[in-house]
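Everything below concerns the one structure shown next.
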Amino acid sequence: MATPAQLSANRANAQRSTGPRSVEGKSVSRFNALKHGVDAASITFPGESSDAYQALADAYDDQYHPANPAARFLTDTLIRADWQKNRLQRLEADLIRKVLAETPGATLIDVMLSDSPAAKLLARTQRQIAAHERAWFRAHRELVRMAAEIPEAVFSEEPEAPQETELPERTQLPAPKAVKSWPPIDEKTGKPLYFVG
Numbered sequence: 046m047a048t049p050a051q052l053s054a055n056r057a058n059a060q061r062s063t064g065p066r067s068v069e070g071k072s073v074s075r076f077n078a079l080k081h082g083v084d085a086a087s088i089t090f091p092g093e094s095s096d097a098y099q100a101l102a103d104a105y106d107d108q109y110h111p112a113n114p115a116a117r118f119l120t121d122t123l124i125r126a127d128w129q130k131n132r133l134q135r136l137e138a139d140l141i142r143k144v145l146a147e148t149p150g151a152t153l154i155d156v157m158l159s160d161s162p163a164a165k166l167l168a169r170t171q172r173q174i175a176a177h178e179r180a181w182f183r184a185h186r187e188l189v190r191m192a193a194e195i196p197e198a199v200f201s202e203e204p205e206a207p208q209e210t211e212l213p214e215r216t217q218l219p220a221p222k223a224v225k226s227w228p229p230i231d232e233k234t235g236k237p238l239y240f241v242g
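If you're matching positions, the sequence shown starts at 46 in our numbering and goes up one per residue.
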């Protein structure tokens, strides 16, 4: 049981530890628990270019010109799957370099068959890449099927002029302005630090 002096000290400490107060501090701390981004409000993480994401989205919109909510959803699925697959491929390359550097003389197959946390993360990353590829192909196949049935209802030939009832372009919020680079960079090697565990 805590003594009255300890309780008093705990209350005093609690008053001083209320978390970040500045806009910059709050912006950085909101990514502290980020593991995979599944629940993230923004599709881009700090350190990623929201302009690159917008360019990718614009390229898909220029190709497909979705004209209804179902086509918009499927086009957004293509965009998200493409973006996240590219992000995971960068992570995969970094992980391969890391696991090979940790075990000099070992081949990639030796490392993949090991029980190390990095090898497990690499295998999980490769499964996620495959899942995003499957999602992309499913959405593309459905878009093609819909276009074959009713072409004019799925795609417009040209982007439509803005109307009052037009569907929103995208449901993701804009990327936050990064105050600090993410992921953290190892100062000695200059490579990203990925937390394995």
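Built from N, CA and C at the ideal position, the CB exists for glycine as well.
- Relative to Ser161, the option among Ala175, Ala180 and Lys143 whose CA is nearest is Lys143.
- Closest in alpha carbon position to Leu140, among Ala163, Gly150 and Met191, is Ala163.
- When DSSP states are grouped into helix, strand and coil, Pro111 belongs to the strand group.
- One thing to note: Ala116 has its Cβ within 8 Å of the Cβ of Leu188.
- Residue burial annotation: Ala184 is buried, with at least 16 other C-beta atoms found within 10 angstroms of its C-beta.
- By the Cβ-count criterion, Asp127 is buried, with 16 or more other Cβ atoms from all chains shown falling within 10 Å of its own Cβ.
- Proximity of the stretch 118 to 134 to the stretch 171 to 184 meets the contact definition, three or more beta-carbon pairs being nearer than 8 Å.
- A distance below 7 Å between beta-carbons, with the five flanking residues on each side excluded, links Gln173 to the following residues of its chain, in chain order: Leu133.
- Assigned with DSSP and collapsed to three states, Ala151 falls in coil, not helix or strand.
- Annotated as distal: Leu167 and Glu147, with beta-carbon spacing of 8 Å or more.
- Less than 8 Å separates the beta-carbon of Leu145 from that of Leu153.
- Taken atom to atom, the span from the alpha-carbon of Ile195 to that of Thr120 is near 16 Å.
- Counting other Cβ atoms within 10 Å of its Cβ, Arg56 stays below 16 and is therefore classed as exposed.
- Taking C-alpha positions only, Asn58 is separated from Ala97 by approximately 44 Å.
- Buried is the label assigned to Ala102, since at least 16 other Cβ atoms lie within 10 Å of its Cβ.
- For the 8 Å CB-CB criterion, Arg125 and Ile88 form a contact.
- Ranked by Cα distance from Trp181, the first of Ala50, Thr234 and Phe118 is Phe118.
- When the Cα atoms are used, Ser95 and Val156 turn out to be separated by approximately 35 Å.
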